[in-house]
Amino acid sequence: MSDVDAAWTALSTAAGVARDRRIDQLLIAEPDRLSTLTLAAAGLELDVSKQPWSLADLALMLDLARVSGVEAARDRLFAGDAVNTSEDRPALHMALRAPDGADWRAAGVPVSREIEATREAMRGFAQAVRSGAKTGATGKPFRSILHIGIGGSDLGPRLIWEALKPLSPQIELRFVANVDPAELAQALVGLDPAETLLVTVSKTFTTQETLTNAEAARAWLRAALGPASDAHLVAVSAAPERARAFGVPADQVFGFRDWVGGRYSIWSAVGLSCAVALGYAAFEAMLSGAHALDTHFQTAPLSRNAPVLLALAHVFNRNGLGRPIRAVVPYAQRLRLLAPFLQQLEMESNGKRVRRDGTPVRHSTAASVFGDAGTNGQHAFFQLLHQGTDVIPVDILAVREGAEGDPSAQTKLLANAIAQAEALLVGRTEADVRAELTAAGRSSAEIDTLAPQRTFPGNRPSSFLLLDRLDPARLGALIALYEHKTFVEGVLWGINSFDQWGVELGKSLASRVLGELEGGPGGAHDPSTAALIERLRT
Ligand code: F6P
């Protein structure tokens with residue numbers, strides 16, 4: 039048996055024991071548990087002590103990481119090797135957030151000077167727009183940006199804006215992703231074309247949804263301002279020639295390279311809208327926070343490495359205990375878009391069924407991720423987390439200092455975050471419930487019926503992530519933490535976390551069906567699909 043197979047077998051044996059053990063008992067029985075399973079990195083404090091592993095299990099998981107080659111894979115990632123094997127490309131998003139003067143190489147080709155030049159262009163553009171030096175077709179300064187993009191060209195910028203936007207922004211940033219015209223229609227309400235920049239973001243500049251929306255928004259500008267409105271067009275793309283062909287002035291096309299994956303791209307010019315709307319300094323601080331987390335990931339030993347510990351806790355749940363779902367609940371309204379962002383990051387990266395060499399995976403891969411802001415989630419899906427038939431591990435995030443508003447409400451928010459983690463852990467015994475019902479004078483028949491319904495099994499795992507403040511640097515570190523966690527999981531599962539072939543089939547079938555809905559000749563379909571097309575043909 040290979041070392042890797044032996045480590046996986048050890049994991050399943052350990053998990054078999056963990057299944058019948060209580061996490062709250064481990065917290066009492068293992069005196070070093072808290073110090074071993076909590077750590078601080080790049081302004082984030084992580085606590086994975088409420089996970090189902092014992093310290094001995096952790097040692098096994100660290101062995102699994104070692105024999106799976108996590109350290110060597112990480113080094114290849116940072117060295118700019120072509121770790122995205124199916125597309126023969128590096129995945130070098132870390133280079134985008136390194137300080138000036140670095141020397142990163144993508145498959146041997148130096149990239150740092152070009153990255154710095156793009157950052158300089160972004161800084162200059164952000165300053166020109168914000169200072170009013172750059173104006174629109176009628177000479178008015180820009181007061182709003184319409185950011186059009188989808189997937190990785192949308193979710194990261196949307197998360198960042200929601201997390202950091204001022205209460206009264208100098209420049210309002212709105213997003214349109216869906217090809218459903220309702221989203222663009224709503225985004226345009228109240229916008230003045232004379233004061234609106236249209237930033238189209240698409241790595242490929244071929245994405246149907248994005249081009250449809252960009253054409254409609256360009257028509258909206260032209261209807262109000264005529265051809266001079268092309269001065270309002272900005273594009274971000276790894277295919278700059280396509281953006282120029284769309285009519286974007288050459289000096290307003292910002293590029294990035296194909297080794298930047300869409301869901302890893304907010305550190306590139308894809309962050310331009312945020313850099314303009316928040317100010318370039320905020321964008322730069324976000325890069326520096328992410329870079330600090332990169333340094334931590336590269337240098338901390340595996341046992342004190344935040345992305346590694348988060349990944350190993352997940353793999354213990356996912357593979358050891360067979361848990362296919364994970365919840366993410368930030369107790370911060372401003373982080374409410376974290377779950378949709380992580381859905382793409384984790385499920386597009388690691389939702390794979392074959393390994394890098396084309397052979398089937400030997401272990402289940404990415405879990406489904408869902409979530410919403412706490413406390414809202416408590417009044418929606420937490421019932422299932424506490425008493426449902428499936429155990430769903432939860433990432434709970436909290437921010438010590440709120441950005442605005444009533445400090446006592448912020449304290450209530452923190453109290454709920456801590457209390458939910460505790461309730462998931464300890465639960466409530468039936469004996470305790472029975473005692474309470476007896477004290478309340480309920481009959482024994484009533485108690486027999488009610489007590490099981492009011493009992494909480496507990497022993498439901500969570501990881502806790504604490505941020506002092508939700509500032510650009512900590513947000514950058516948080517996103518980088520999840521990026522590297524996703525990478526480590528991909529290494530353990532033997533998959534390529536940087537491609538996404540699974541989204542292609544739906545795209546090509548959609549264009550075929552579109553042709554038929556628009557009156558083109560019918561193709562071969564299953565009877566159900568053919569009937570739907572027939573009903574909806576124009
Ligand atoms: O959804 C598939 C996908 O290819 C994502 O990976 C990507 O982020 C998104 O489409 C948008 O692609 P583009 O930036 O090329 O428009």
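For the sequence shown, my numbering gives the first residue as 39, with consecutive numbering after it.
Note that CB positions come from ideal geometry on N, CA and C, so glycine has one too.
Note that the coordinates shown come from a computational prediction; the quantities given were computed from them, not determined experimentally.
_In this structure, how does DSSP classify Pro398 when only helix, strand and coil are distinguished?_
When DSSP states are grouped into helix, strand and coil, Pro398 belongs to the strand group.
*In angstroms with no decimal places, state the Cα-to-Cα distance between Leu82 and Pro368.*
About 14 Å.
_Tell me the DSSP secondary structure of Gly544 in three-state form._
Helix.
_Short of 7 Å in beta carbon distance, which residues of its chain neighbour Gln165, apart from the five on each side in sequence? Order them along the chain._
Cβ within range, chain order: Tyr318.
_According to DSSP, simplified to helix, strand and coil, what is Phe284?_
DSSP places Phe284 in the coil class of the three-state scheme, outside both helix and strand.
*asked:* Can you give me the C-alpha to C-alpha distance between Gln491 and Val399, rounded to a whole angstrom?
replied: CA-CA distance, Gln491 to Val399, rounds to 40 Å.
*asked:* Counting C-beta neighbours from all protein chains within 10 Å, is the total for Glu386 16 or more, i.e. buried, or is it exposed?
replied: Glu386 should be labelled buried.
*Determine the direct distance from the alpha carbon of Val526 to that of Trp91, and round the result to whole angstroms.*
As the crow flies, the alpha-carbon of Trp91 is around 18 Å from that of Val526.
*Which class does Pro368 belong to by DSSP, given the choice of helix, strand or coil?*
Strand, per DSSP.
*Just the Cα atoms here: how many angstroms apart are Ala48 and Val529?*
Each residue's Cα considered, the two are about 18 Å apart.
*Relative to the alpha-carbon of Gly426, which residue among Arg143, Ser446, Asp126, Gly496 has its alpha-carbon at the smallest distance?*
Nearest to Gly426 by alpha-carbon distance, out of Arg143, Ser446, Asp126, Gly496, is Gly496.
*If you count every other CB in all the chains shown that lies within 10 Å of the CB of Trp539, and 16 or more means buried, which is it?*
With a threshold of 16 other beta carbon atoms within 10 Å, Trp539 falls short and is exposed.
*Gly528 - DSSP class collapsed to helix/strand/coil*: Gly528 falls in the helix class under three-state DSSP.
_For a test of your reading of the model: does the CB of Gln416 fall under 7 Å from any non-hydrogen atom of ligand 1? Yes or no._
Exclusion of Gln416 from the 7 Å shell around ligand 1 follows from its C-beta lying no nearer than that to any non-hydrogen atom of the ligand.
*asked:* Taking 7 Å as the cut-off, is the beta-carbon of Gly187 closer than that to any non-hydrogen atom of ligand 1?
replied: Shortest gap from the CB of Gly187 to any heavy atom of ligand 1: under 7 Å.
*asked:* If you follow the beta strand (DSSP E) that Ala459 is in, where does it begin and where does it stop?
replied: Ala459 -> not in any beta strand (DSSP E); alpha helix (DSSP H) instead, spanning 445 to 464.
_Under the three-state DSSP convention, the category Arg212 falls into_ = The answer is strand: DSSP assigns Arg212 an E or B state.
_Measuring only the C-alpha atoms, how far is Arg114 from Gly139?_
So the alpha carbons of these two residues sit roughly 21 Å apart.
*Using 7 Å as the cut-off, classify the Cβ of Val541 as near or not near the heavy atoms of ligand 1, replying yes or no.*
Val541 has its CB nearer than 7 Å to a heavy atom of ligand 1.
_Within the continuous beta strand (DSSP E) that includes Glu484, where are the two ends?_
Counting along the chain, Glu484 falls outside any beta strand (DSSP E), though it belongs to the alpha helix (DSSP H) covering 482 to 492.
_Near ligand 1: Lys241 beta-carbon under 7 Å from a heavy atom_ = Because some heavy atom of ligand 1 lies under 7 Å away, the Cβ of Lys241 counts as near it: yes.
*asked:* Beta-carbon within less than 8 Å of Ala447's beta-carbon, same chain only, minus the 5 sequence neighbours each way: which residues are those?
replied: If we look at Ala447 and ignore the five residues flanking it on each side, its Cβ neighbours are Gly440.
*Consult DSSP for Ser293 and reduce its assignment to one of helix, strand or coil.*
The question names Ser, but residue 293 in the sequence shown is Gly. Strand, per DSSP.
_I want to check one thing, is the minimum distance from the CB of Glu384 to the heavy atoms of ligand 1 below 7 Å?_
Remark: the shortest separation between the CB of Glu384 and any heavy atom of ligand 1 does not fall under 7 Å.
*Answer yes if the stretch 231 to 250 comes into contact with the stretch 173 to 181, meaning at least three C-beta pairs across the two stretches below 8 Å, and no otherwise.*
Yes, since at least three Cβ pairs between the stretch 173 to 181 and the stretch 231 to 250 fall closer than 8 Å, the two stretches touch.
*Alpha-carbon spacing of Leu227 relative to Ile209, whole angstroms*: It should be noted that the sequence gives Val, not Leu, for residue 227. Their Cα atoms are separated by approximately 15 Å.
*Run the CB neighbour count on Met39, radius 10 Å, all protein chains shown included, and call it buried at 16 or more, exposed below.*
Burial call: exposed.
*Counting along the chain, where does the beta strand (DSSP E) carrying Asp506 start and finish?*
Asp506 -> beta strand (DSSP E) spans 500 to 507.
*With 16 other CB atoms within 10 Å as the buried threshold, where does Leu347 fall?*
By the Cβ-count criterion, Leu347 is buried, with 16 or more other Cβ atoms from all chains shown falling within 10 Å of its own Cβ.
*Would the C-beta of Ser191 count as close to ligand 1, meaning under 7 Å from any of its heavy atoms?*
Checking the 7 Å criterion, the Cβ of Ser191 is within range of a heavy atom belonging to ligand 1.
*By DSSP, does Ser240 sit in helix, in strand, or in coil?*
For Ser240, the secondary structure class from DSSP, reduced to helix, strand or coil, is coil.
*Report, in whole angstroms, the separation of the C-beta atoms of Phe308 and Pro195, which I expect to be a contact under 8 Å.*
The amino acid occupying residue 308 in the given sequence is Val; Phe does not appear at that position. Yes, Val308 and Pro195 are in contact; Cβ-Cβ is about 7 Å, under 8 Å.
*With 16 other CB atoms within 10 Å as the buried threshold, where does Gln224 fall?*
Sixteen is the threshold: since fewer than 16 other Cβ atoms of the shown chains lie within 10 Å of the Cβ of Gln224, the residue is exposed.
*Can you name, in chain order, every residue of its own chain whose Cβ lies under 6 Å from the Cβ of Leu435, other than the five neighbours on each side?*
Taken in chain order, the residues that qualify are Pro368, Leu503.
*Would you check whether ligand 1 has a heavy atom nearer than 7 Å to the C-beta of Gly309?*
Shortest gap from the CB of Gly309 to any heavy atom of ligand 1: 7 Å or more.
*Give every residue of the same chain whose Cβ lies closer than 6 Å to the Cβ of Phe494, excluding the five residues on either side of it in the sequence, and list them in chain order.*
Here the set comprises His424, Gly465, Arg466.
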